[in-house]
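As you go down the protein sequences, you meet chains A and B in turn. The opening position of the first sequence corresponds to residue 11 in the numbering used here, with each subsequent residue numbered one higher. The opening position of the second sequence corresponds to residue 369 in the numbering used here, with each subsequent residue numbered one higher. Data first, discussion second: the structure below is written as structure tokens.
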Amino acid sequence: MTTARYERARPVAVMIERNLRIYRHTWALLLAEILEPILYLGSIGLGVGVLVGHLPGLGAPSVGYPEFVAPALLATAAMNGALNETAFLMYNRLAVERIYQPILATPMSVGEVAVGEIAWAVLRSVMITVGFLGVIAVFGLVASPWVLLGVLGAAVIGFCFACVGLLVATWVRGFPDFQFVQLVMLPMFLFATTFYPLGVYPRPVQVAVECLPLYQAIQLLRGPALGQVDAALLLSAGYLLVLGGLALHWGLRRLRRILSV
Amino acid sequence: MGILAQFVFCGYMLAVCGGAVRLSGVSVSSRTSVVSARGLTKTYPPGKAGSAFTAVDAIDFEVHSAEAFGFLGPNGAGKSSTMRMIGCVSPPTGGTLQILGMDAADSGKRIRARIGSVPQDDLLDPELTVGENLLIYGRYFGMSRIAIAERSAELLEFARLTDKADARVQALSGGMRRRLTIARSLMNTPDLLLLDEPTTGLDPQARHLLWERLFELKRQGVTLVLTTHYMDEAERLCDRLVVMDHGRVVATGSPRALIDTHVTREVLELLIEPGTGAAVAARAYGVADRIEVLADRLLCYTDDGERALARAHERGLGGLDALVRRATLEDVFLYLTGRSLIE
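Following this line, the structure appears as structure tokens:
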């Protein structure tokens with residue numbers, strides 16, 4: 011039983027091993043991805059935060075602006091980390107380098123390759139999160155020990171967007187198409203309550219924002235970071251897991267059609 | 369020059385005869401079938417641009433243990449599609465395909481574990497070093513680290529890449545890349561090695577080095593299946609081959625047998641002014657058993673090239689240039705399909 015389960019996990023572990031090997035040469039990229047939200051936090055969280063002051067009604071007694079923005083930046087970093095890893099790199103490996111072909115000439119299957127790449131992307135999201143949490147802890151921006159729940163939250167966010175990225179990779183026709191990805195990602199980053207609470211929007215817009223996966227991702231991290239742990243977190247996690255599952259199912263079908271014709 | 373040519377020719381004949389002796393030494397009953405295809409068909413579903421396309425059209429063939437078996441044909445003949453089906457990366461759409469005693473339809477994973485595959489464009493992992501390419505490839509087969517370390521040291525030696533172990537793949541020459549690809553395909557010590565156009569794009573020296581490596585593998589008892597559109601490669605490497613055209617098998621046999629069956633022993637080539645083919649062919653009628661007209665030459669098929677040449681000279685032909693050569697697989701292909709192989 012255990013060996014059977016190990017046999018099933020082994021191909022996934024091999025894909026992670028391959029990525030870890032590559033990271034020996036490109037580990038600086040991960041630092042850059044941790045640095046990006048920190049720069050945002052420095053400029054907007056601290057800089058703009060001075061103008062904004064404290065946000066009433068979010069926590070007791072009130073929440074500082076950097077504490078409010080930090081989890082949203084973290085959610086965004088976890089999202090970008092996972093999505094870029096699958097959408098961009100998987101497209102590159104699929105269509106440009108075409109390295110999945112020789113891998114599939116071994117006992118590895120399309121599903122194992124894809125799940126392995128997603129597992130790696132999740133791992134990366136978690137690594138980015140741990141790095142970022144470490145830095146904000148040093149800056150004293152941690153409001154609650156519940157923030158550690160964010161590591162688990164980052165894994166859920168990573169899973170969701172890695173799967174969406176896999177689906178994107180099967181649709182992309184060339185590198186210019188990634189502009190369309192940016193066209194979706196940037197507005198989502200700006201409007202998914204990253205920099206201000208949902209309350210600023212009129213109700214109909216609120217509903218639309220609530221439907222954004224990044225909004226749910228931010229909710230998943232912001233609550234615990236501010237010490238608010240409730241059942242609504244399960245709803246956000248559920249939303250992300252279901253979206254990820256659907257994207258994975260569809261993406262795998264498309265990937266099989268591309269790779270095993 | 370003449371001595372050299374004779375030497376090369378004798379070497380060639382030795383190689384061919386050696387192969388024949390070895391093959392005939394194996395009794396037919398003891399030959400085990402490594403690949404067996406019956407009515408094998410591959411039809412691609414209609415794409416956005418067009419209708420369904422049948423790349424491989426109900427072909428039959430049998431690959432025996434420890435032989436080198438070739439698929440010969442022009443681009444688009446269905447060679448690569450056939451190779452992908454044998455490699456269990458592309459499911460057949462019709463017929464049956466048995467590989468190493470297993471059914472390709474339901475045992476793909478187990479078959480792939482015992483196959484080595486050399487794709488047409490190498491497809492090495494550019495994000496990894498030479499050594500890492502072998503290491504990770506071994507991991508795909510579930511090999512232990514110790515086994516991988518041993519095997520990759522051996523294979524780097526075999527591929528003459530030991531001093532390149534830490535180099536990035538991009539830094540390798542075309543020939544080195546090809547050898548690394550072959551080394552990679554041998555990581556799992558395969559019983560069956562698939563090579564899709566192994567020497568396309570290589571310079572002559574790199575080709576010869578590669579052939580040497582392939583002969584060595586054959587001596588070790590590895591069954592080789594390869595595609596090529598090079599005649600000399602097919603003649604040198606293959607014990608038996610099938611000629612494919614438009615997804616069908618048009619002939620099967622050893623290179624020598626194919627030449628003996630379908631064409632004469634020798635060919636007289638007469639160079640002509642382009643466009644004068646039909647007229648010259650009419651004047652050359654009777655010089656040889658059969659005459660083919662190409663754009664810039666006539667091919668006169670005969671068992672005695674020198675006599676045909678003398679006759680041609682009598683008729684005032686061959687003024688531009690003429691040469692007598694042995695018939696090759698290229699002539700077989702031309703005869704079977706009415707087209708030359710490399711267009």
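Here a beta-carbon is modelled for each residue, glycine too, at the ideal position from N, C-alpha and C. Quick caveat: nothing in here was measured; it's all calculated off a predicted structure.
Close beta carbons around N29/A, own chain, < 7 Å, minus the five adjacent residues each side:
Start at 1 with the first residue of the first sequence, and residue 29/A comes out as number 19. Closer than 7 Å at the Cβ level, and outside the excluded window around N29/A, lie W130.
How big is the Cα-Cα spacing for G446/B and Q229/A?
Mapped onto the second sequence, residue 446/B falls at position 78. Mapped onto the first sequence, residue 229/A falls at position 219. When rounded, the distance between both Cα atoms is 55 Å.
Closer than 8 Å by beta-carbon distance: list the chain B residues that pair up with E95/A, in chain order.
Numbered from 1 along the first sequence, position 85 holds the residue referred to as residue 95/A. Chain B residues near E95/A: none, gap ~13 Å exceeds 8 Å.
Can you confirm whether V396/B, when its beta carbon is compared against all beta carbons of chain A, has any partner nearer than 8 Å?
Numbered from 1 along the second sequence, position 28 holds the residue referred to as residue 396/B. Caution applies to V396/B, whose pLDDT of 42 falls short of 50 and renders its modelled position unreliable; the model cannot decide the point.
Shorter than 8 Å from the beta carbon of V498/B to some beta carbon of chain A?
As a first step, residue 498/B must be located in the second sequence, where it is residue number 130. Not closer than 8 Å to any Cβ of chain A, the Cβ of V498/B fails to qualify, so no.
Shorter than 8 Å from the beta carbon of L114/A to some beta carbon of chain B?
Working through the first sequence from its first residue, we reach residue 114/A at position 104. For L114/A, the answer is yes, since a Cβ of chain B falls inside 8 Å of its Cβ.
Based on the DSSP output, what are the partners of A405/B in its beta bridges?
Taking the first residue of the second sequence as position 1, residue 405/B is located at position 37. Partner(s): F429/B and L465/B.
In whole angstroms, what separates the C-alpha of Y225/A from that of L496/B?
As a position in the first sequence, residue 225/A is number 215, starting the count at 1. As a position in the second sequence, residue 496/B is number 128, starting the count at 1. Roughly 37 Å between the two C-alpha positions.
Could you round the C-beta distance between A82/A and T180/A to whole angstroms and report it? I think they count as a contact, below 8 Å.
Looking up residue 82/A in the first sequence gives position 72. Looking up residue 180/A in the first sequence gives position 170. About 29 Å; that fails the 8 Å criterion.
Closer than 7 Å at the beta carbon, the chain A residues around A480/B:
The count along the second sequence starts at 1 and reaches residue 480/B at position 112. In the sequence as presented, Ala is not what sits at residue 480/B; that position holds Arg. The answer, in chain order, is A115, T116 and P117.
Does any residue of chain B bring its CB to less than 8 Å from the CB of I26/A?
One-based indexing of the first sequence puts residue 26/A at position 16. Not closer than 8 Å to any Cβ of chain B, the Cβ of I26/A fails to qualify, so no.
Is it the case that the CB of V403/B approaches a heavy atom of the ligand SAM more closely than 7 Å?
This structure lacks the ligand SAM, and indeed carries no ligand of any kind.
Are the C-beta atoms of V457/B and some chain A residue less than 8 Å apart?
Residue mapping note: residue 457/B aligns to position 89 of the second sequence, counting from 1. Answer yes: the Cβ-Cβ gap between V457/B and chain A drops below 8 Å somewhere.
Please compile the residues from chain B whose C-beta is within a distance smaller than 8 Å of the C-beta of S270/A.
Here the question's residue 270/A lines up with position 260 in the first sequence. Simply V457, S458 and P459.
In angstroms, rounded to a whole number, what distance separates the CA positions of T450/B and E603/B?
Locating residue 450/B in the second sequence gives position 82, where the first residue counts as 1. Locating residue 603/B in the second sequence gives position 235, where the first residue counts as 1. Whole-angstrom Cα-Cα distance: 20 Å.
Taking the alpha-carbon of V140/A as reference, which of V123/A, E107/A and V161/A has the nearest alpha-carbon?
Residue numbering aside, residue 140/A sits at position 130 when the first sequence is read from its first letter. Checked all of V123/A, E107/A and V161/A; the closest Cα to V140/A is V161/A.
Is it a yes or a no for the stretch 455-465 of chain B touching the stretch 403-412 of chain B, going by three-plus beta-carbon pairs under 8 Å?
Flag = yes, the stretch 455-465 of chain B and the stretch 403-412 of chain B touch.
Taking all protein chains shown into account, do 16 or more other C-beta atoms lie within 10 angstroms of the C-beta of V396/B, making it buried, or fewer, making it exposed?
Taking the first residue of the second sequence as 1, we reach residue 396/B at position 28. Confidence in V396/B is poor, its pLDDT being 42 and thus under 50, which makes the residue's placement too unreliable to answer from.
Would DSSP call S398/B helix, strand or coil?
On the second sequence, residue 398/B is found 30 positions in, with the first residue counted as 1. Per-residue confidence for S398/B stands at a pLDDT of 49, beneath the threshold of 50, marking its modelled position as unreliable; the derived number appears in the next sentence. It is helical.
Out of curiosity, what's the CA-to-CA distance linking V182/A and N102/A?
Taking the first sequence and counting its residues from 1, one reaches residue 182/A at position 172. Taking the first sequence and counting its residues from 1, one reaches residue 102/A at position 92. Between V182/A and N102/A, the C-alpha separation is close to 10 Å.
With distances taken Cα to Cα, identify the nearest neighbour of A420/B among I427/B, D428/B and T411/B.
Position 52 of the second sequence, counted from the first residue, corresponds to residue 420/B. Comparing Cα-Cα distances from A420/B to each of I427/B, D428/B and T411/B, the minimum goes to T411/B.
Near V132/A, what residues of its chain come up, given a Cβ to Cβ distance below 7 Å and the 5 sequence neighbours on each side ignored?
In the first sequence, counting from the first residue as 1, residue 132/A sits at position 122. Excluding positions up to five away in sequence, the list reads A92, A165, G168, F169 and A172.
What ranges does the alpha helix (DSSP H) occupy inside the stretch 432-462 of chain B, keeping only unbroken runs of at least 4 residues that lie completely in it?
447-454
Tell me whether G589/B sits in a helix, a strand or coil according to DSSP, three-state version.
Position 221 of the second sequence holds residue 589/B. Here G589/B sits in coil by DSSP.
Beta-carbon of E698/B versus every beta-carbon of chain D: anything under 8 Å?
Of the protein chains in the structure, A and B, none is chain D.
State the start and end residues of the unbroken beta strand (DSSP E) segment that holds I483/B.
Here residue 483/B refers to the residue found at position 115 of the second sequence. Note, I483/B: beta strand (DSSP E), I483 to V486.
Within chain B, the residues that E107/A reaches when beta carbons sit closer than 7 Å
Indexing the first sequence from 1 puts residue 107/A at position 97. By Cβ distance, chain B contributes P494.
Using the Cβ count rule (16 or more neighbours within 10 Å means buried), how would you classify S392/B?
Along the second sequence, one-based indexing puts residue 392/B at 24. Bear in mind that a pLDDT of 36 at S392/B, under 50, signals an unreliable position, so the model cannot answer this.
According to DSSP, is L496/B helix, strand or coil?
Position 128 of the second sequence, counting from 1, holds the residue named residue 496/B. Three-state DSSP puts L496/B in coil, outside helix and strand.
Quick one: using the 10 Å Cβ neighbour count with 16 as the cut-off for buried, is N443/B buried or exposed?
Position 75 of the second sequence, counting from 1, holds the residue named residue 443/B. It is exposed - the Cβ of N443/B has fewer than 16 other Cβ atoms within 10 Å.
For the 8 Å Cβ check, are there 3 or more pairs between the stretch 656-664 of chain B and the stretch 618-627 of chain B?
no
Going straight from the alpha carbon of R213/A to that of F201/A, what length do you get?
By one-based count along the first sequence, residue 213/A stands at place 203. By one-based count along the first sequence, residue 201/A stands at place 191. Going by the C-alpha atoms only, they are around 14 Å apart.
Counting only beta-carbon atoms, is I504/B nearer than 8 Å to chain A?
Your numbering for residue 504/B matches position 136 in the second sequence. By this cut-off, I504/B is an interface position.
Using only the alpha-carbon positions, how far apart do L468/B and V402/B sit?
As a position in the second sequence, residue 468/B is number 100, starting the count at 1. As a position in the second sequence, residue 402/B is number 34, starting the count at 1. Distance between the alpha carbons of L468/B and V402/B: 5 Å.
Compare the beta carbon distance of P47/A and A87/A with 8 Å and say whether it is the shorter of the two.
Residue numbering aside, residue 47/A sits at position 37 when the first sequence is read from its first letter. Residue numbering aside, residue 87/A sits at position 77 when the first sequence is read from its first letter. A contact, by the Cβ cut-off of 8 Å.
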